[in-house]
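Undergrad: Have a look at this one.
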């Protein structure tokens, strides 16, 4: 399994190189987005105020402190991605997003979109927000502040990770693999339970 | 009223929120460290190592362990010898919860359920959740707090099984929930299971179960045996830390029970993410406060 240090913006070739199980770390610009952000883009039809082509997006709503006109990160972590699954194909197809960083995975439609448009899902360690915060160098800009804390956050990060390629652009889905195996394992336990009584 | 005054309770409620977000209980840390040492899947071992590293970073740099400040839940246990105005406690706890949010610039995660409008101070209609209970033979007030993360709270189930489904049906249901959750809810989790009661009591039992310290089996040996059996079964699933595969899917399974109706067989599952956040404080008549987990 390979390790990749990536600096956005990413092109299709960058993403096609990644395979599930590979390790990744990211330095440079990462955009924070969340439920309300994507509801505004896709359900209310509002164009995002920033060009997301080639971007890496992080599923987050951070704890921040306002110092003067700027925001400083006090704790930035990652939220469960499955809630935002239905927006992901649109992010890839319409806005050219190349990578989503999240936890908990995405569902079949997103996996297909990643295969079709050249995208990937990078799993971060959920709950490890203290560490993640130390990897954020600055909040460069905040769009849609009225959605606080579910704004669009422009973060500058250094060696964000460890990240694991959990969904790649070749149809690979680590979550689905693990779940298929888990279903068999649980069935074995249930069969034993059935035979015991 | 001695030490049980509004200001002290308000201040304690504030401190509890912050402590629960920054300090993990030793039993949870020990369980994670043990899981890390025993883990045979390399990717899973790395994830568990990152979790342990994160706890150390949070302590060293005084950062919240996780960004999710949760939905604040308090439980107030009133000692039999304590003379106190219960309605005052509720408002003191609520004010303390707000103080913590505003003074420490916590992300408020609380919104109106219909309009989704944010309140910005971690309080709202019936939030923080405040439950009351009583302690026989005690002269102190105990307040317990969990800033319940949504990732794990969204992984909650209640099923009114049939009596004929028996305990076997209960076990099956718990395992199906774990499978459905997969990597959501930040495994390895502390799995709380409520068995019996009415519908809402069953869910309460599951919530009580998640705050029991890890490594403390149920006092009833028969129930403890079911806890051990389910833990082993869950960890045989291979779901692993963050659902990316491995030996460690749960740190513990805790069961709490209540009697139920003869025609009912309710089971509830509520899980706690790996950070196992909780904090508690005892307030004594002289006004002294002792914090713990």
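Residue numbers (our numbering), protein chains in the order written: chain P, 591 to 787; chain W, 241 to 533.
Just so you know, even glycine gets a beta-carbon here, dropped at the ideal spot from N, CA and C.
Here the structure is a predicted model, which means the values were calculated and not measured.
#1: Report the option in P:739, P:691, P:635 and P:670 whose CA atom is closest to the CA atom of residue 750 of chain P.
#2: Pick from W:402, W:525 and W:394: whose alpha carbon is nearest that of residue 320 of chain W?
#3: Quick check for students: name the residue ranges of the beta strand (DSSP E) that lie wholly in the segment 706 to 775 of chain P, counting only runs of 3 or more.
#4: Chain W partners of residue 776 of chain P, CB-CB under 7 Å?
#5: Within 10 angstroms of the Cβ of residue 652 of chain P, are there 16 or more other Cβ atoms? Answer buried if so, exposed if not.
#6: Flag this pair as yes or no: are the beta carbons of residue 430 of chain W and residue 491 of chain W separated by less than 8 Å?
#7: Identify the continuous alpha helix (DSSP H) that holds residue 274 of chain W and give its terminal residues.
#8: Closest to residue 609 of chain P by CA distance: which of P:712, P:700 and P:693 is it?
#9: For residue 673 of chain P, collect the residues of the same chain with a Cβ closer than 7 Å to its Cβ; drop the 5 residues on either side in sequence, then sort them by chain order.
#10: Closer than 6 Å by C-beta to residue 764 of chain P: which residues in its own chain qualify, once you throw out the five before and the five after it? Chain order, please.
#11: DSSP puts residue 531 of chain W in a beta bridge; with which residues?
#12: Report the neighbours of residue 708 of chain P on chain C: residues whose CB is nearer than 9 Å to its CB, in chain order.
#13: Could you tell me if residue 502 of chain W is buried or exposed, where buried requires 16 or more neighbouring beta carbons within 10 angstroms of its beta carbon?
#14: Counting only beta-carbon atoms, is residue 249 of chain W nearer than 8 Å to chain P?
#15: Given 7 Å as the limit, tell me if residue 253 of chain W has its C-beta closer than that to any heavy atom belonging to the ligand ZN.
#16: Do residue 454 of chain W and residue 516 of chain W have their beta-carbon atoms positioned less than 8 Å apart in this structure?
#17: Counting only Cβ pairs nearer than 7 Å, list the residues of chain P close to residue 537 of chain W.
#18: What span of residues does the alpha helix (DSSP H) with residue 417 of chain W cover, start to end?
#19: The alpha helix (DSSP H) with residue 654 of chain P in it runs from where to where?
#20: Just to make sure I have the definition right: I need the residues of chain P whose C-beta is within less than 8 Å of the C-beta of residue 412 of chain W. Which are they?
#21: Residues in the segment 310 to 342 of chain W with C-beta within 9 Å of chain P's C-beta atoms, listed in sequence order?
#22: Considering residue 290 of chain W, what are the terminal residues of the beta strand (DSSP E) in which it resides?
#23: Which of helix, strand or coil does DSSP assign to residue 467 of chain W?
#24: Name the chain W residues whose beta carbon is nearer than 7 Å to that of residue 773 of chain P?
#25: Using a Cβ-Cβ distance under 8 Å, would residue 290 of chain W count as near chain P?
#26: Using a Cβ-Cβ cut-off of 8 Å, state whether residue 507 of chain W counts as contacting chain P.
#27: Along chain P, in chain order, which residues have C-beta atoms closer than 7 Å to that of residue 482 of chain W?
#28: Output the boundary residues of the beta strand (DSSP E) element that contains residue 496 of chain W.
#29: Closest to residue 665 of chain P by CA distance: which of W:327, W:291 and W:345 is it?
#30: Compute the Euclidean distance between the alpha carbons of residue 783 of chain P and residue 259 of chain W, then round it to the nearest angstrom.
#31: Give the C-beta separation of residue 488 of chain W and residue 478 of chain W to the nearest angstrom, bearing in mind that I take them to be a contact with Cβ-Cβ under 8 Å.
#32: Taking just the CA atoms, how far does residue 451 of chain W sit from residue 261 of chain W?
#33: Establish whether the CB of residue 667 of chain P and some CB of chain W are separated by less than 8 Å.
TA: The short version:
#1: P:691
#2: W:525
#3: 710 to 713, 726 to 733 and 742 to 757
#4: Correct list: 415, 419 and 477.
#5: buried
#6: yes
#7: 266 to 278
#8: Proximity to residue 609 of chain P across P:712, P:700 and P:693 peaks at P:712, based on C-alpha coordinates.
#9: 625
#10: 610 and 756
#11: W:521
#12: This model lacks chain C altogether; the protein chains it does include are P and W.
#13: exposed
#14: no
#15: Annotation note on the ligand ZN: not contained in the displayed structure, which lists no ligands.
#16: yes
#17: Residue 537 of chain W lies beyond the range of chain W shown here (241 to 533); nothing can be said about it.
#18: Residue 417 of chain W -> alpha helix (DSSP H) spans 406 to 421.
#19: Note, residue 654 of chain P: premise wrong, no alpha helix (DSSP H); beta strand (DSSP E) at 653 to 657.
#20: For residue 412 of chain W, the residues of chain P that pass the 8 Å Cβ criterion are 780 and 783, in the order they occur in the chain.
#21: none
#22: Note, residue 290 of chain W: premise wrong, no beta strand (DSSP E); alpha helix (DSSP H) at 282 to 301.
#23: When secondary structure is reduced to three states using DSSP, residue 467 of chain W falls in the helix class.
#24: 419
#25: Residue 290 of chain W counts as touching chain P.
#26: no
#27: 693, 713, 715 and 716
#28: 490 to 498
#29: Of the candidates W:327, W:291 and W:345, the residue whose Cα lies closest to the Cα of residue 665 of chain P is W:345.
#30: Looking at the two C-alpha atoms, the distance is approximately 42 Å.
#31: No, residue 488 of chain W and residue 478 of chain W are not in contact; Cβ-Cβ is about 10 Å, not under 8 Å.
#32: Distance between the alpha carbons of residue 261 of chain W and residue 451 of chain W is about 14 Å.
#33: yes
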